Amino acid sequence: MNDLTSILFRKVWWQYDVTDTSWFSIVYHWFKIAEGVAWVVFAILVLMRFLQHRKSKLELWYAFTFLLFGITDFREAWQQSSPLIWIKLLILIA
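Heads up: take any position in the sequence shown, counting from 1, add 10, and you land on the numbering used here.
So this is what it looks like as structure tokens:
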């Protein structure tokens, strides 16, 4: 049971290491940075749309969740862990 708890809530699955020259680490790291930038851009675009049209305050929530998801991708570029996966799941549900 303790092993399951550790896997579900404390395990670090991957961590970026500058000295690791494997193609996976390099591609995964930079892909997550690019993905984080994309989510931040989506957040900005949704916020701009809201500021221009002000049709739905729900757009503020969308912009906020897009921004949060982008921040988690920036974190994921350095470390993939069980707590981060749970946080990303909660943001997706939101």
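Just so it is clear, CB atoms sit at the ideal spot from N, CA and C, and this is done for glycine as well.
Given the structure is predicted, the values throughout are model-derived calculations rather than measurements.
Where does residue i sit, in a helix, a strand or coil, going by DSSP?
i     : result
Trp88 : coil
Val51 : helix
Val28 : coil
Going by C-alpha to C-alpha distance, which of the options sits closest to residue i?
i      : options                       : result
Arg59  : Glu69, Gly46 and Thr75        : Glu69
Leu102 : Phe84, Gln90 and Leu78        : Leu78
Phe74  : Ala87, Leu55, Phe34 and Arg64 : Leu55
Distance, Cα to Cα, residue i vs residue j?
i     : j     : result
Val51 : Gln25 : 25 Å
Arg20 : Gln62 : 43 Å
His39 : Asn12 : 30 Å
Arg22 : Ser92 : Per the sequence shown, the amino acid found at residue 22 is Val instead of Arg. Computed Cα separation, rounded: 6 Å.
Find out if the Cβ-Cβ distance for the pair residue i, residue j is shorter than 9 Å.
i     : j     : result
Ala48 : Trp71 : no
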